[in-house]
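In my numbering, the protein residues as written are 240 to 745.
We put the CB at the ideal spot given by N, CA and C, even for glycine.
What you are looking at is a predicted structure, and each value in this text was computed from that prediction instead of being measured.
Some notes on the structure that comes next.
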Ligand code: GLU
């Protein structure tokens, strides 16, 4: 590649960024970083009717949370700004006019009602109305009217749009990095609107002009934009500009059944489709986010990377840096990528176990505070070390390890029934006596002592260990029991045994 790679993520701020959008951003980021290029954020907000308060901020925060910040964009000016299309409004008109001058575009005055009537008439005959070469000479536009008429209409302030004049009888040969060669017959294309008399360009014109002015070399975007590729290609040609390379990413499909993944699938099956929680500014409705649901960005990024791409090896866990090294657009799949919420959990579990216990302890401390528990950071870290492999989320650490912080408030009835038999009280009292004589409460030492005592008594191992676990934990769960005793200490261990004896006396 001769010129510096420059890619852009160009979302419209119409609501929270769907995880499909995050994947598009991620692939752009990986491609840019792999090639030492720039990752640009451009906000495509030309459609003011669909603008949603807070959406841009949400996009920026989402990228930052995922660890894929943009190099250039709103607030990070690098000479190609402004990066919001609404602030570039004045740039587009001259380009629309250039196309009129070169004969590649024309003014059209058909009103919305007139176009609607055409559509209805066609429908009545079982046809579809397309505004293009086969009828444009008969419609109300600068191709069908005299110069005088046109001048008069423009001067009198009649509403118009500027349409692209798509050619007749041409076979366009397009290229897509993922899909290969694509041929499009121009006869099926309609003359898309490029500019409206309210002074706003449409997506197509603004997108092409900006990609050109911002020196974008690769356009990596969702498959839903593939139908626009022919028009974009023709626009570059009409302007005499070199087109960037294109890569259209596969759709993200529902976990079950057919069709694109929607928010409804997430609501139904209980998983978020947004990176961060989103509160709709109008309705106040809250949509779940991966961050608030306790996922780590590493897990979400790893999951998204595999949603439509694979490295061609067995390796499944990748840090962002590793992804950057191996990512190739050529390895992106053509077919839709089925979303699998369980896979996200699986990645999360992996990163949970991998995560430094000190970092987890900091997060867990907040959970503990909510439970009214105060503990030393060193102690919390030690606990996390013992239980993190049993947890998927930080929140789970409480269920897996509350007994390191508080005495069990109840005894799991089924477990207690299984563990606490008629002779258990006596056994536990004897064990308490044994332990109270111990000054060394280190797990290994305790294990030695208790094991020897059990052997001496000639009782089954479970007859002691199960009720002891009930006493210390409240249920038949948790890590090594001697370690628990060591951590909570002698006094607490003895208290818990006494409490269980009193509560479970049968
Ligand atoms: N504004 C478009 C979107 O919302 C951008 C499409 C493109 O990347 O060309 O996805």
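Nearest-angstrom Cβ-Cβ length linking residue i and residue j, presumed shorter than 8 angstroms
{"i": "residue 708", "j": "residue 699", "result": "So it is not a contact: roughly 14 angstroms between Cβ atoms."}
{"i": "residue 252", "j": "residue 295", "result": "4 angstroms"}
{"i": "residue 379", "j": "residue 347", "result": "7 angstroms"}
{"i": "residue 422", "j": "residue 456", "result": "The pair is not a contact, with the Cβ atoms about 24 angstroms apart (cut-off 8 angstroms)."}
{"i": "residue 636", "j": "residue 623", "result": "6 angstroms"}
{"i": "residue 572", "j": "residue 551", "result": "The pair is not a contact, with the Cβ atoms about 12 angstroms apart (cut-off 8 angstroms)."}
{"i": "residue 538", "j": "residue 603", "result": "So it is not a contact: roughly 17 angstroms between Cβ atoms."}
{"i": "residue 250", "j": "residue 282", "result": "7 angstroms"}
{"i": "residue 465", "j": "residue 451", "result": "No, residue 465 and residue 451 are not in contact; Cβ-Cβ is about 20 angstroms, not under 8 angstroms."}
Selected residue, minimal CA-CA separation from residue i, among the options
{"i": "residue 494", "options": "326, 581, 281", "result": "581"}
{"i": "residue 712", "options": "431, 734, 521", "result": "734"}
{"i": "residue 340", "options": "482, 249, 402", "result": "402"}
{"i": "residue 557", "options": "544, 635, 569", "result": "544"}
{"i": "residue 243", "options": "419, 562, 518, 270", "result": "270"}
{"i": "residue 416", "options": "351, 570, 692", "result": "570"}
{"i": "residue 405", "options": "432, 389, 396, 399", "result": "432"}
{"i": "residue 459", "options": "480, 452, 426, 414", "result": "414"}
{"i": "residue 247", "options": "630, 490, 728, 454", "result": "454"}
{"i": "residue 588", "options": "621, 645, 632", "result": "632"}
{"i": "residue 669", "options": "680, 395, 689", "result": "689"}
{"i": "residue 514", "options": "714, 298, 685", "result": "298"}
{"i": "residue 329", "options": "564, 525, 503, 445", "result": "445"}
{"i": "residue 344", "options": "450, 601, 430, 715", "result": "430"}
{"i": "residue 470", "options": "490, 461, 488, 442", "result": "442"}
{"i": "residue 449", "options": "437, 474, 428", "result": "474"}
Chain D contact for residue i (CB, 8 angstroms cutoff)
{"i": "residue 425", "result": "In summary, chain D is missing from the structure at hand, where a single protein chain is found."}
Rounded separation between residue i and residue j - CA only
{"i": "residue 478", "j": "residue 331", "result": "13 angstroms"}
{"i": "residue 746", "j": "residue 511", "result": "For the chain, the structure presents residues 240 to 745; residue 746 sits outside this window and is missing."}
{"i": "residue 375", "j": "residue 381", "result": "10 angstroms"}
{"i": "residue 534", "j": "residue 363", "result": "53 angstroms"}
{"i": "residue 285", "j": "residue 439", "result": "7 angstroms"}
{"i": "residue 731", "j": "residue 675", "result": "11 angstroms"}
{"i": "residue 742", "j": "residue 527", "result": "42 angstroms"}
{"i": "residue 335", "j": "residue 319", "result": "20 angstroms"}
{"i": "residue 596", "j": "residue 260", "result": "32 angstroms"}
{"i": "residue 419", "j": "residue 366", "result": "32 angstroms"}
{"i": "residue 352", "j": "residue 561", "result": "55 angstroms"}
{"i": "residue 263", "j": "residue 505", "result": "19 angstroms"}
{"i": "residue 517", "j": "residue 677", "result": "55 angstroms"}
{"i": "residue 691", "j": "residue 706", "result": "18 angstroms"}
{"i": "residue 610", "j": "residue 641", "result": "10 angstroms"}
{"i": "residue 657", "j": "residue 649", "result": "15 angstroms"}
{"i": "residue 687", "j": "residue 646", "result": "25 angstroms"}
{"i": "residue 323", "j": "residue 306", "result": "22 angstroms"}
{"i": "residue 738", "j": "residue 593", "result": "37 angstroms"}
{"i": "residue 412", "j": "residue 390", "result": "37 angstroms"}
Sequence-distant residues of the same chain with beta carbon closer than 6 angstroms to residue i, five excluded per side
{"i": "residue 682", "result": "721, 722, 725"}
{"i": "residue 372", "result": "407"}
{"i": "residue 349", "result": "378, 379"}
Own chain partners of residue i with C-beta closer than 7 angstroms, once the 5 adjacent residues on each side are dropped
{"i": "residue 704", "result": "720"}
{"i": "residue 634", "result": "533, 606"}
{"i": "residue 217", "result": "The question about residue 217 has no answer, for the chain in this structure spans 240 to 745."}
{"i": "residue 744", "result": "664"}
{"i": "residue 467", "result": "443"}
Sequence-distant residues of the same chain with beta carbon closer than 8 angstroms to residue i, five excluded per side
{"i": "residue 492", "result": "498, 499, 500, 575, 576, 577, 578"}
{"i": "residue 321", "result": "313, 327"}
{"i": "residue 292", "result": "520"}
{"i": "residue 277", "result": "243, 244, 245, 246, 271, 310, 311, 317"}
{"i": "residue 524", "result": "518"}
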